[in-house]
């Protein structure tokens with residue numbers, strides 16, 4: 000630990016619910032004065048973390064209590080949530096421009112793409128506009144200036160299609176920035192960065208007298224890092240990282256990534272795919288050593304955390320696997336199943352879920368990035384009357400109103416072609432009379448605006 004620096008840095012190991020651990024600790028600290036819990040501010044990663052933290056407080060409280068203030072600093076709309084801390088600064092500084100609306104942003108990018116590549120279809124233009132918007136967000140989160148992309152930024156031996164794509168991307172970035180400045184609007188990531196910078200400045204100049212805990216935030220975005228650094232140095236602040244491997248040997252930690260001699264950034268020559276890489280990048284940008292972190296009160300090392308650490312060790316450290324004890328070579332509570340296809344996999348998962356639900360007061364969660372598998376499992380469970388609450392939701396275009404909107408847009412694009420027209424007439428939401436429409440549809444090289452009513456006659460057998 001660095002001399003003179005207070006110990007406000009903690010980590011919660013794998014296998015321990017971070018929301019449950021924090022809620023239990025706060026309730027025990029303020030059990031004598033439950034109202035004092037309202038003075039605590041928790042900075043969380045996203046809205047889902049706020050939901051999980053709220054449920055944890057409900058579980059650990061014997062009776063009703065007032066919750067602490069919880070703010071998701073990963074949210075792109077932070078105006079109202081940070082207003083209590085930002086008001087004194089906003090009075091002295093000009094308020095930032097408003098953020099551009101998502102739909103308006105996509106339309107702006109789509110028009111710019113069509114200028115550069117008029118041969119693309121409307122569907123390709125919309126898809127590309129979403130991808131470029133995501134790329135712009137990543138650049139702005141890492142605070143990489145858009146004007147950095149000049150002719151000298153690209154390697155000269157790139158293939159021709161890569162050079163053309165880069166040239167178009169640079170032209171779109173330049174025009175996009177000019178349009179935002181003309182409209183006096185900001186991108187979501189840029190506005191969030193300005194608000195977080197003001198929050199970090201406020202915490203540095205006027206440390207709060209009430210507890211401020213940053214819980215479960217592992218992003219290494221520079222604006223977030225400045226806030227975490229200010230909280231770590233605050234007398235009432237605490238930074239609680241998830242799953243920071245403080246027991247990893249130093250030679251493995253050094254192999255993940257090395258620091259540039261200039262000290263400005265980590266060299267990306269290490270193992271960027273390692274789970275601890277971004278944790279190390281975060282610590283480097285905070286100018287904090289890993290040895291300064293301690294286990295969160297009430298937490299302790301467990302066998303699962305050690306097994307997972309060994310499973311994700313760096314390549315040179317795999318030679319030590321032969322010397323590991325048997326207890327560190329298995330992961331308790333896990334099983335492996337080999338299935339012939341995805342249908343058999345879905346049936347097996349559904350059977351395991353049904354078996355678990357036969358035990359009273361037991362709940363089951365299915366976690367998978369495969370949306371097709373999730374749908375198959377949900378369909379299998381419906382055979383036994385088990386309805387699955389899918390947290391990912393359903394795509395808008397897969398809903399009944401969304402499919403009608405797509406059918407109408409296709410019908411207008413094809414100038415009332417036979418097949419699209421029949422798909423609208425046969426839609427369950429179509430009826431005799433009129434269908435009110437307002438909006439726009441991109442057709443070839445122009446945008447078709449329509450408003451009013453489209454008359455649809457009912458088809459009867």
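Numbering (the working numbering), first residue to last: 0 to 460. Every residue gets a Cβ at the ideal spot worked out from N, C-alpha and C, and that includes glycine.
How would you write the range of the beta strand (DSSP E) that residue i sits in, first residue to last?
i	result
residue 401	Element bounds for residue 401: not the beta strand (DSSP E) but the alpha helix (DSSP H), 399-412.
residue 241	236-241
residue 212	211-214
residue 9	8-11
residue 194	Here residue 194 belongs to no beta strand (DSSP E); instead the alpha helix (DSSP H) covers 187-204.
residue 424	No beta strand (DSSP E) holds residue 424; the alpha helix (DSSP H) holding it covers 417-424.
residue 40	40-43
Going by the beta-carbon positions, is the gap between residue i and residue j smaller than 8 Å?
i	j	result
residue 11	residue 42	no
residue 190	residue 95	yes
residue 308	residue 244	yes
residue 240	residue 222	no
residue 408	residue 313	no
residue 137	residue 217	no
residue 341	residue 375	yes
residue 227	residue 285	yes
residue 108	residue 175	yes
residue 330	residue 303	yes
residue 139	residue 199	no
residue 353	residue 383	yes
residue 396	residue 387	no
residue 53	residue 211	no
residue 385	residue 356	yes
residue 410	residue 416	yes
Give the straight-line distance between the Cα atoms of residue i and residue j, rounded to the nearest whole angstrom.
i	j	result
residue 232	residue 209	14 Å
residue 300	residue 339	38 Å
residue 378	residue 26	41 Å
residue 19	residue 311	25 Å
residue 461	residue 197	With the chain running from 0 to 460 in the structure shown, residue 461 is simply not present.
residue 116	residue 101	22 Å
residue 38	residue 31	14 Å
residue 59	residue 23	6 Å
residue 423	residue 406	6 Å
residue 348	residue 173	50 Å
residue 14	residue 372	25 Å
residue 186	residue 106	14 Å
residue 111	residue 394	27 Å
residue 237	residue 21	11 Å
residue 522	residue 49	A query on residue 522 cannot be resolved here, the shown segment of the chain reaching from 0 to 460 and no further.
residue 436	residue 420	With a pLDDT of 44 at residue 436, under the threshold of 50, the modelled position of that residue is not reliable, and the figure given next carries that caveat. Approximately 15 Å between the Cα atoms of the pair.
residue 479	residue 412	Residue 479 falls outside the range modelled here, since the chain spans only 0 to 460, and no answer is possible.
residue 28	residue 168	53 Å
residue 316	residue 364	34 Å
residue 242	residue 273	13 Å
residue 318	residue 129	44 Å
residue 36	residue 134	40 Å
residue 434	residue 271	Unreliable positioning characterises residue 434 in this predicted model, as indicated by a pLDDT of 47, which lies under 50. The coordinate reading is nonetheless provided below. Each residue's alpha carbon lies about 53 Å from the other.
residue 324	residue 306	10 Å
residue 322	residue 343	38 Å
residue 351	residue 70	37 Å
residue 141	residue 170	20 Å
residue 165	residue 51	42 Å
residue 246	residue 44	25 Å
residue 283	residue 389	38 Å
Pull up the CB-CB distance for residue i and residue j, whole angstroms please, since I reckon it's below 8 Å.
i	j	result
residue 219	residue 281	4 Å
residue 366	residue 215	In fact, because the Cβ distance is near 17 Å, the residues do not count as touching under 8 Å.
residue 184	residue 99	4 Å
residue 8	residue 276	The Cβ separation is near 19 Å, so there is no contact.
residue 345	residue 370	12 Å between Cβ atoms; not a contact.
residue 426	residue 403	5 Å
residue 320	residue 289	Their Cβ separation, rounded to whole angstroms, is 23 Å, which puts residue 320 and residue 289 out of contact at 8 Å.
residue 104	residue 132	6 Å
Identify the continuous alpha helix (DSSP H) that holds residue i and give its terminal residues.
i	result
residue 161	159-182
residue 71	Here residue 71 belongs to no alpha helix (DSSP H); instead the beta strand (DSSP E) covers 68-71.
residue 306	302-310
residue 250	249-255
residue 105	101-115
residue 277	276-285
residue 227	221-232
residue 122	121-140
residue 350	341-356
Within 8 Å (strictly less), CB to CB, does residue i reach chain C?
i	result
residue 401	Of the protein chains in this structure there is only one, and it is not chain C.
Does the contact criterion of 3 or more C-beta pairs under 8 Å hold for the region 197-212 versus the region 164-183? no
| message | Three or more C-beta pairs under 8 Å: does that hold for the region 51-69 against the region 331-340? | response | no
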